[in-house]
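S.K.: Can you read through this structure? Questions will come right after.
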Amino acid sequence: MNVLIIGGGGREHALTLAIAKSESCGSIFAAPGNPGILKIARRADVKISDFLQISNFCKENQIDLVVVGPEQPLADGIADALRGMGHFVFGPSKDAAMLEVSKDFAKNIMIGAGVPTAAYKSFNSYEKNDALEYIQTMALPLVIKADGLAAGKGVIIAESMYDAEKAINSIFSGEFGSAGAKIVIEEFMTGEEASVFAICDGKDYFILPPAQDHKKIFDGERGKNTGGMGSFAPTPMITPELMTIIESKVIKPVVDFMNERGTPFIGCLYAGLMITPENEPKVVEFNVRFGDPETQTVLNVIEGDFLKLLYTAATGKIDKECVKNRKGVVATCVVLAANGYPDSYVKGDEISGINDAENVGAIVYHA
Ligand code: AMP
Ligand code: GLY
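Number 1200 in our numbering belongs to position 269 of the sequence shown; there are no gaps in the numbering.
Shown next as structure tokens:
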């Protein structure tokens, strides 16, 4: 089977390595890829936003499956366009990608499907005064979110009413552009977070080992939020019993509800969960793709034909037997970032020690 991978981060490097190890794998192409990915895949000289060009590339190179890494092309409708031109795609349609693209949409789905999540209310920019009134009824801290895609930056945890008002004003003044045309205000949940990935074929699913990621820049959970500084899998916080509850209260209801409303979810459904002190899972957010850097660990604690799992999901009848958890194996990923990150940072620094790391058995992902 020949595969085209869309994306060029650490997540896509991990996806490429796992696909390359699959028995069913033929040639792998990547667009745009990165130097790590391009050691194992060939570069596809296509623009990610040019769906017709991608389709032509797929025809010329007998691509059997397109795997989409990041959310933006999914939000832009890459899966719909390529499916419409006769290709198999691992990744949701534009309508199903709304689970990540709009936090208000995701909340409505959760209410419809009966999925536990934080109490909330949504407001349009013309309802700013209602929003300012609403927060007066809420306990602190409270959480204010720009509705749309904001690269993980559109969430403000307000410790005071002053901060909450400031957040509402700045989102509605355009701090996050059109992503802030609507806001979701919700109660603050306490607990520890975990990431659960379900590989979905529209009706059925297969759940991968649970992971945790860490977003603060410094050790000891200090400093600014980043795109992710590390991850580990499987997390012992999610016991088999808790995973059964997550499956029955979160994954199955969402997959069923999305299918019933005519927007079946095909791809990786990422449930960002808060495990409350009462050991109950509540959904913080949904993403419609693999997590980064969780994928770098999750894919190292499974074995089998990962490509077959994605292909059977994309073609409508997931084979849940082709992958299984590696017993007794754990993985951890540490992200190395340039000085200054997540603010503006130095570019062009040389990275040394990659061979040394590989020689002691580490896998070095390029991001
Ligand atoms: P999100 O983009 O919705 O995942 O939010 C980003 C981060 O903000 C999450 O990973 C949590 O750490 C935090 N967060 C979001 N919503 C809540 C909430 N209701 N209660 C507590 N923390 C939250
Ligand atoms: N690790 C967080 C994310 O992928 O959104």
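Backbone N, C-alpha and C define an ideal beta-carbon position, used for all residues, glycine too.
At what residues does the beta strand (DSSP E) containing F1103 begin and finish?
M.R.: From DSSP, F1103 is part of no beta strand (DSSP E) but of the alpha helix (DSSP H) over 1092 to 1103.
S.K.: Could you check which residue in I1114, F1119, V1086, E1031 has the C-alpha nearest to that of M1069?
M.R.: Measuring from the Cα of M1069, the nearest candidate turns out to be F1119.
S.K.: For A961, count neighbouring Cβ atoms within 10 angstroms of its own Cβ and tell me buried if that reaches 16, exposed if not.
M.R.: Answer is buried; the Cβ neighbour count reaches 16.
S.K.: Could you tell me which whole alpha helix (DSSP H) segments of length 4 or greater appear in the stretch 1050 to 1074?
M.R.: With a minimum length of 4 residues, the continuous alpha helix (DSSP H) runs that stay inside the stretch 1050 to 1074 are 1059 to 1067.
S.K.: Excluding five sequence neighbours on each side, which residues of the same chain lie with their C-beta closer than 6 Å to the C-beta of G957?
M.R.: Same-chain partners within the cutoff: M932, N933.
S.K.: Taking 7 Å as the cut-off, is the CB of N1231 close to at least one heavy atom of the ligand GLY?
M.R.: Not so, every heavy atom of the ligand GLY lies at least 7 Å from the Cβ.
S.K.: Tell me where the alpha helix (DSSP H) around L1238 begins and ends.
M.R.: Note, L1238: alpha helix (DSSP H), 1237 to 1245.
S.K.: Regarding I933 and the ligand GLY, is the C-beta to nearest heavy atom distance less than 7 Å?
M.R.: Inspection of the sequence shows that residue 933 is occupied by Asn rather than by Ile. No, since every heavy atom of the ligand GLY falls outside the 7 Å radius drawn around the Cβ of N933.
S.K.: Does the Cβ-Cβ distance between I1099 and I1114 come in under 8 Å?
M.R.: Yes, the pair counts as a contact, with Cβ atoms nearer than the cut-off.
S.K.: Start and end of the beta strand (DSSP E) containing L996?
M.R.: Per DSSP, L996 belongs to the beta strand (DSSP E) from 996 to 999.
S.K.: Closest to S1056 by C-alpha separation, out of K1084, T1048, F1103, A1010, would be which residue?
M.R.: The residue with the shortest Cα to Cα distance from S1056 is F1103.
S.K.: With a threshold of 7 Å (Cβ to nearest heavy atom), would K1049 be considered close to the ligand AMP?
M.R.: The question names Lys, but residue 1049 is Ala in the sequence shown. Correct: A1049 has its Cβ closer than 7 Å to the ligand AMP.
S.K.: To which residues of the same chain is K1034 closer than 6 Å at the C-beta, ignoring the five residues directly before and after it?
M.R.: Result list for K1034: K1076, D1078, V1115, in chain order.
S.K.: Please tell me whether, using a cut-off of 7 Å, the distance from the CB of F1368 to the nearest non-hydrogen atom of the ligand AMP is below it.
M.R.: No answer is possible for residue 1368: the residues shown for the chain start at 932 and end at 1298.
S.K.: Closer than 7 Å by C-beta to N1210: which residues in its own chain qualify, once you throw out the five before and the five after it? Chain order, please.
M.R.: L1173, listed in sequence order.
S.K.: I need the DSSP call for V1295, collapsed to helix, strand or coil.
M.R.: The answer is coil: DSSP assigns V1295 none of H, G, I, E or B.
S.K.: Taking I1206 as the reference, give the member of G1198, L1200, I1176 with the closest Cα.
M.R.: Ranking G1198, L1200, I1176 by Cα distance to I1206 puts I1176 first.
S.K.: Could you check the C-alpha separation between M1168 and I1182 for me, to the nearest Å?
M.R.: So the two alpha carbons sit approximately 18 Å from each other.
S.K.: Kindly identify the DSSP beta-bridge partner or partners of N1156.
M.R.: Looking at the DSSP assignment, N1156 forms a beta bridge with K1147.
S.K.: Just to check, is the beta-carbon of E1123 closer than 7 Å to a non-hydrogen atom of the ligand MG?
M.R.: In terms of ligand content, the structure shown lacks the ligand MG and carries the ligand AMP and the ligand GLY instead.
S.K.: Of the choices S1162, N1286, T1157, D1287, whose alpha-carbon is the least far from that of S1275?
M.R.: Checked all of S1162, N1286, T1157, D1287; the closest Cα to S1275 is T1157.
S.K.: Using 7 Å as the cut-off, classify the Cβ of E943 as near or not near the heavy atoms of the ligand GLY, replying yes or no.
M.R.: No, the ligand GLY has no heavy atom inside 7 Å of this Cβ.
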